[in-house]
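All remarks here apply to the structure that follows.
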Amino acid sequence: MDGSPFRTIGTAVVFFLLGVAVPLDLVVVEGHSMTPAIHHDDRVLVHRSAYGLLVPIINVYAFTWNRPKSGDIIVFESPEDSRLVVKRVDSVLVETDTGRDLVTVLGENIDVSLDSRGYGAVPLSAVRGRVVRTFRPVRRSAIPSG
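Numbering (my numbering), first residue to last: 1175 to 1320.
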């Protein structure tokens, strides 16, 4: 026996633990809905554990210890097509009949933003983390040639 099944399982366990232990993701922003705060092609550092323990791969909160606050910039799964979306939290609500936490989100650029004004409040379970830092890309035109 060459140990390859054990190596495969071990590798999977290591990646799972790294996903839990290093709760940061770097996400590239596409679109203009958050301009001027965040621009198309910016990179945002997302803290996945800002609101609770998000289990990697299945993207479900094992438990939560905080709720988003008005003004937080969050990354969440779009209710329309499951793509990741970046928006600013407007308010946090609790659904009275289910007790479920909901977040209303707004884009900075009202003219082009599809947000809670179009698809309603987003369940906290769809939130993937809070943006903690924005990085502007180095423009190719700024690099001297030669």
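Think of the CB as a built atom: it goes at the ideal place given N, C-alpha and C, for glycine as much as any other residue.
By the C-beta density criterion, I1212 is buried, having at least 16 other C-beta atoms within 10 angstroms. Every unbroken stretch of the beta strand (DSSP E) spanning 3 or more residues and falling wholly within the region 1248–1279 is given here in chain order: 1258–1268.
At a Cβ-Cβ threshold of 8 Å, P1197 and E1282 do not count as neighbours. Boundaries of the alpha helix (DSSP H) harbouring Y1293: S1290 to Y1293, taken from the DSSP string. Pairing V1268 with I1247 gives a Cβ-Cβ distance that is not under 8 Å. Under the DSSP assignment, L1298 falls outside any beta strand (DSSP E); it carries neither an H nor an E label. With a beta-carbon spacing of about 6 Å, D1275 and V1266 fall inside the 8 Å limit used to define contacts.
Beta-bridge annotation (DSSP): G1226 is paired with T1238.
Nearest Cα to T1272 within the set S1252, L1298, S1290 and L1258: L1298. By the Cβ-count criterion, R1291 is exposed, with fewer than 16 other Cβ atoms from all chains shown falling within 10 Å of its own Cβ. T1209 sits in coil when the DSSP states are folded into three classes, being neither helix nor strand. Take the alpha-carbon of D1199 and the one of V1263: they are about 19 Å apart. Separation of S1287 and T1185 (C-alpha to C-alpha, rounded to the nearest whole angstrom) is 41 Å. In this structure, H1214 sits away from V1201, with a CB-CB distance that is not shorter than 8 Å.
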